[in-house]
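Q: Start counting the sequence shown at 7; every next residue gets the next number (my numbering).
Glycine residues also receive a C-beta, built at the ideal position from the N, C-alpha and C atoms.
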Amino acid sequence: MITVLSGGGGGAKFVDGLSYLKNNFSIIANTGDDIEIYGLHVSPDVDTIMYTLSGVIDKKKGWGIKNDTFNCQKYLKSLGYDDWILIGDKDLAVHIQRTQLLKSGKTLTEVTSELCRRFGLNIPLIPMSDNFFQTFIELETKSIHFEEYYIKRPEGKIKNIIYKGNDKAKPSQAFLDALDNSDWVILPPSNPFVSIGTILSLKKVRNILKEKNVIGISPLIRGKAIKGPLVQMMKYSDFEVNSYGIAKYYQDILDIFVIDNLEAGLENKIKNELGIEVFTTNTLMKTKKDRINLSKFVLKRMET
Ligand code: GDP
Numbered sequence: 007m008i009t010v011l012s013g014g015g016g017g018a019k020f021v022d023g024l025s026y027l028k029n030n031f032s033i034i035a036n037t038g039d040d041i042e043i044y045g046l047h048v049s050p051d052v053d054t055i056m057y058t059l060s061g062v063i064d065k066k067k068g069w070g071i072k073n074d075t076f077n078c079q080k081y082l083k084s085l086g087y088d089d090w091i092l093i094g095d096k097d098l099a100v101h102i103q104r105t106q107l108l109k110s111g112k113t114l115t116e117v118t119s120e121l122c123r124r125f126g127l128n129i130p131l132i133p134m135s136d137n138f139f140q141t142f143i144e145l146e147t148k149s150i151h152f153e154e155y156y157i158k159r160p161e162g163k164i165k166n167i168i169y170k171g172n173d174k175a176k177p178s179q180a181f182l183d184a185l186d187n188s189d190w191v192i193l194p195p196s197n198p199f200v201s202i203g204t205i206l207s208l209k210k211v212r213n214i215l216k217e218k219n220v221i222g223i224s225p226l227i228r229g230k231a232i233k234g235p236l237v238q239m240m241k242y243s244d245f246e247v248n249s250y251g252i253a254k255y256y257q258d259i260l261d262i263f264v265i266d267n268l269e270a271g272l273e274n275k276i277k278n279e280l281g282i283e284v285f286t287t288n289t290l291m292k293t294k295k296d297r298i299n300l301s302k303f304v305l306k307r308m309e310t
C-alpha cells in the first residue's frame, strides 16, 4: 500500500495521474484550509481532490465544479451580502450536504467517505483529522485564515504560519491505519508549509514518517511555483527559494526527492548536503499524459 499526503492543487493533479496506474493507495487530504462560510463546512482541498478524481472539476479555474452557476451568491449580493469567496451553486450543495451529515453526528472521515461514494470514487480519500484545525497566516498587522490569504493575497511580510487546533487535533484513525498499512508515503508537489506541513504538524505524524520510505516531488520549477503563494512564504522563511529549500524542509523524513529537469543543477547539493537521493524529470503536469508520466516515474523510483 501507498499513502499520499495531499493539498488541493499540485497534489490533486498528482493523485489523478496515479489513479490511472494504481488503485491500492490512500489519499490523506489537508483540512487546515477548512473554513465555515454561511454556516457551512467548506473543505477546499478535500473537494478539489474529490472533484478532480471524479472528473467534475472546473479545470480552467482549478477549483469548483465545471459549468457551475453562481446564482445563489448573485442573489445574496442583491440582498446586500457580499463575500470574498466564490462558491458555485453545485459546490454549495456539496457544502450543505457535508454540513447536514456532520450535524447528524458523523465524523468528517465518515462524511467525506459518503460524499466520495456519491461522486463514484474508488480510492480512499481521508481527511487528515476529524478535529477542528485551521491554518492562519500571521502578517505584520493581522492574522488571517489561509483560505482568505490565498484568495486576497495581501502584500507584506509573513511573520508566521499558525496551525490553529494542532495542540488538540489528532490524526484521524483512518489516516493512522493507512500509514500502518503502507511501506511508502508520497509527498506530491503540494505546498510544503500549508498543505503537507499542516498534515505533518499533527501529533505523531512526522515521527511515523521517519520510519517509512518517503518520496517527494518538488512543487517549485526554476525557483517558481506553478500557482499559489509558496514563493512568498519561502521568501520570509529560512529556506532557500528552490528545490533545495523544499528538500531541507523535509530533510528528516525524505528518502528520495524528485525535482524538475530545470532544477537539475541542485541535484548534487541536495544529495551531498542533505543526504537525500535525487532524481530529475519533467514535473510540470499540464496534460493528463504529464500527470501519468510523473506518477510512472515516481513508482519506478520506489521499485529500485
Ligand atoms: P493548494 O491546496 O491549492 O495550495 O494546492 P497544493 O498544496 O496541493 O499545491 C500547491 C503547489 O503545487 C504550488 O506550490 C505549486 O507550485 C505546485 N504545483 C501545482 N501544479 C504543479 C505541477 O504541475 N508541477 C509541479 N512540480 N508543481 C505544481
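Can you tell which of L46, G23, S12, K19 has its C-alpha closest to the C-alpha of I33?
A: Mapped onto the sequence shown, residue 33 falls at position 27. Looking at the Cα atoms, S12 is the closest of the given residues.
Q: Ignoring anything shorter than 4 residues or poking outside the segment 54-128, list the alpha helix (DSSP H) runs there in chain order.
A: Whole alpha helix (DSSP H) segments, 4+ residues: 77-84, 95-109, 114-124.
Q: Quick check on the DSSP output: the beta strand (DSSP E) that includes D183 runs from which residue to which?
A: Indexing the sequence shown from 1 puts residue 183 at position 177. Note, D183: premise wrong, no beta strand (DSSP E); alpha helix (DSSP H) at 179-186.
Q: Please tell me whether A175 and I132 are closer than 8 Å, where the distance is taken between their beta carbons.
A: One-based indexing of the sequence shown puts residue 175 at position 169. One-based indexing of the sequence shown puts residue 132 at position 126. For A175 and I132, no; Cβs fall outside 8 Å.
Q: Could you compute how far the alpha carbon of G15 sits from the alpha carbon of N278?
A: Working through the sequence shown from its first residue, we reach residue 15 at position 9. Working through the sequence shown from its first residue, we reach residue 278 at position 272. When rounded, the distance between both Cα atoms is 30 Å.
Q: Between which two residues does the alpha helix (DSSP H) harbouring G23 extend?
A: Within the sequence shown, numbered from 1, the residue matching residue 23 stands at position 17. First-last of the alpha helix (DSSP H) with G23: 16-25.
Q: With a threshold of 7 Å on Cβ separation, who are the neighbours of R104 within its own chain once the five nearest residues in sequence on each side are excluded?
A: Position 98 of the sequence shown, counting from 1, holds the residue named residue 104. Excluding positions up to five away in sequence, the list reads H47, S49, V117, L121.
Q: Run through the DSSP bridge pairs and tell me what F142 is partnered with.
A: By 1-based counting over the sequence shown, the position of residue 142 is 136. Note: F142 sits in a beta bridge opposite H151, I168.
Q: Report the rounded CA-to-CA distance for T141 versus L208, giving the unit in angstroms.
A: Locating residue 141 in the sequence shown gives position 135, where the first residue counts as 1. Locating residue 208 in the sequence shown gives position 202, where the first residue counts as 1. Using only the alpha carbons, I get a separation of about 12 Å.
Q: Which of the three DSSP states is assigned to E42 in this structure?
A: Residue 42 sits at position 36 when you count from the first residue of the sequence shown. Correct three-state label for E42: strand.
Q: Out of T9, V10, L24, state which residue places its alpha-carbon closest to the alpha-carbon of D296.
A: As a position in the sequence shown, residue 296 is number 290, starting the count at 1. The shortest Cα separation from D296 among T9, V10, L24 belongs to L24.
Q: CB-CB under 6 Å to D51, same chain, minus the five flanking residues each way: which ones, in chain order?
A: Translated into positions along the sequence shown, residue 51 becomes position 45. G13, G14, A35, N36, D39.
Q: Pick helix, strand or coil for P50, following the three-state DSSP scheme.
A: Mapped onto the sequence shown, residue 50 falls at position 44. If DSSP states are grouped into helix, strand and coil, P50 belongs with the helices.
Q: Can you grab the Cα-Cα spacing for the pair V62 / R228, in whole Å?
A: Stepping through the sequence shown from its first residue, residue 62 is reached at position 56. Stepping through the sequence shown from its first residue, residue 228 is reached at position 222. Cα-Cα distance, rounded: 31 Å.
Q: Under the criterion of a Cβ to heavy atom distance below 7 Å, does G15 qualify as lining the ligand GDP?
A: In the sequence shown, counting from the first residue as 1, residue 15 sits at position 9. Flag set: Cβ of G15 near the ligand GDP.
Q: Taking all protein chains shown into account, decide if A231 is buried (16 or more other Cβ within 10 angstroms of its Cβ) or exposed.
A: The count along the sequence shown starts at 1 and reaches residue 231 at position 225. Counting Cβ neighbours within 10 Å, A231 comes out buried, since at least 16 surround it.
Q: Rounded to whole angstroms, what's the CA-CA distance from T286 to N187? Just pull it up for me.
A: Here residue 286 refers to the residue found at position 280 of the sequence shown. Here residue 187 refers to the residue found at position 181 of the sequence shown. The alpha-carbon atoms of T286 and N187 are separated by roughly 28 Å.
Q: Taking 7 Å as the limit between beta carbons, can you name the residues of its chain near G251, skipping five residues before and five after?
A: One-based indexing of the sequence shown puts residue 251 at position 245. The residues are M240, F245.
Q: For I205, count neighbouring Cβ atoms within 10 angstroms of its own Cβ and tell me buried if that reaches 16, exposed if not.
A: For the purposes of this step, residue 205 is taken as residue 199 along the sequence shown, with counting starting at 1. With 16 or more other Cβ atoms within 10 Å, it is buried.
Q: Are the segment 142-150 and the segment 212-225 touching, with three or more C-beta to C-beta distances below 8 Å?
A: At 8 Å Cβ cutoff, the stretches do not touch.
Q: For F20, which residues from the same chain have a beta carbon less than 6 Å from its beta carbon, with the 5 sequence-adjacent residues on both sides left out?
A: Counted from its first residue, the sequence shown places residue 20 at position 14. P194.
Q: Quick one, which of E146, I276, V10, L92 has its alpha-carbon nearest K80's?
A: Counting from one through the sequence shown, the residue named residue 80 turns up at place 74. When only C-alpha atoms are compared, the closest one is L92.
Q: Please name the residue in G70, C78, L59, G281 whose C-alpha comes closest to that of Y44.
A: Residue numbering aside, residue 44 sits at position 38 when the sequence shown is read from its first letter. Selected option, being the one with the closest Cα: C78.
Q: Examine the ligand GDP and report whether any of its heavy atoms sits within less than 7 Å of the Cβ of D266.
A: As a working mapping, residue 266 is identified with position 260 in the sequence shown. D266 Cβ: within cutoff of the ligand GDP.
Q: Under the three-state reduction of DSSP, which class applies to N248: helix, strand or coil?
A: Indexing the sequence shown from 1 puts residue 248 at position 242. In this structure, N248 counts as coil in the three-state DSSP scheme.
Q: Report, in whole angstroms, the separation of the C-beta atoms of D97 and I71, which I expect to be a contact under 8 Å.
A: Position 91 of the sequence shown, counted from the start, is the residue given in the question as residue 97. Position 65 of the sequence shown, counted from the start, is the residue given in the question as residue 71. With 8 Å as the limit, D97 and I71 qualify as a contact, their Cβ atoms being about 6 Å apart.
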